[in-house]
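Number 22 in numbering that gives the first Met the number 0 belongs to position 23 of the sequence shown; there are no gaps in the numbering. These notes are about the structure you will find just below.
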Amino acid sequence: MTNFSVDNCVCEAVENIFELQNAIHDESCPTSCFNNLLSPTRHFGDTIPFILYPAESKPFVAFGNVGELGTGPCFNTVFFRVEKIKDCCATLRLLIAFDENRHILDFTDEKDRICDVFRLEKTNFCVECDLKCFCAIECLNPQLINRSN
C-alpha cells in the first residue's frame, strides 16, 4: 500500500478499494480470498462503487458526455469507480445511475434521490480528483453494478 505524505482516510479508503478491485484480476490463484471477496462466483464483477463527500456534506457531482459528443445523453452522477490512484490523486470512472424503470437519474434535480438507484453502469467518462478535498466516502454494494432484477 502506498504511504501518503498526508494522512487522509478518504485516500486510504480509495487505495484499499483500488487494491481489492485489482486483486480479483489475479488469475494465478482463482481460489484466493481476494478473488472471492468481490466476486465469489464471478457474478458481482470488479467494481466497488462509492460516493465522495466534500466538507459541504452534499455528494460530489461529476458530469459525463458534456455536449453529447459520445454515445448517449449528457448525465451527472455521484457514483464512481477508482481506476488509478497515486499520491492521493485518483482517476475516477463515472458510473451512470438508473432507476428500476431504466430512467437515468439526475442528482442535480431534487426529485431524484440516491435511494431511487436500482442499477449502476460503468461509462467511458472519467474525472481526476485530489482526494484530499473530500472528508467522507460511502462504499456501496457491488451488486448495484449492472443489476438486472
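Glycine included, every Cβ here is placed at the ideal spot set by N, Cα and C.
Presumed contact (8 Å Cβ cut-off) between residue 145 and residue 44, rounded CB distance: The residue given as residue 145 occupies position 146 in the sequence shown. The residue given as residue 44 occupies position 45 in the sequence shown. With 8 Å as the limit, residue 145 and residue 44 qualify as a contact, their Cβ atoms being about 7 Å apart.
CB of residue 63 within 8 Å of CB of residue 122, strictly: Position 64 of the sequence shown, counted from the start, is the residue given in the question as residue 63. Position 123 of the sequence shown, counted from the start, is the residue given in the question as residue 122. Yes.
Any non-hydrogen atom of the ligand ADP within 7 Å of residue 85 CB: By its list of ligands, the structure shown contains no ligand whatsoever, and the ligand ADP lies outside what it can speak to.
Cβ pair residue 127, residue 50 closer than 8 Å: Residue mapping note: residue 127 aligns to position 128 of the sequence shown, counting from 1. Residue mapping note: residue 50 aligns to position 51 of the sequence shown, counting from 1. Result no, Cβ atoms of residue 127 and residue 50 do not sit closer than 8 Å.
Exposure of residue 14, with buried meaning 16 or more beta-carbon neighbours within 10 Å: One-based indexing of the sequence shown puts residue 14 at position 15. Buried is the call here.
Residue 33 versus residue 19 - alpha carbon distance: Position 34 of the sequence shown, counted from the first residue, corresponds to residue 33. Position 20 of the sequence shown, counted from the first residue, corresponds to residue 19. Any reading at residue 33 is ruled out, since the residue's pLDDT is 48, under 50, leaving its predicted position unreliable.
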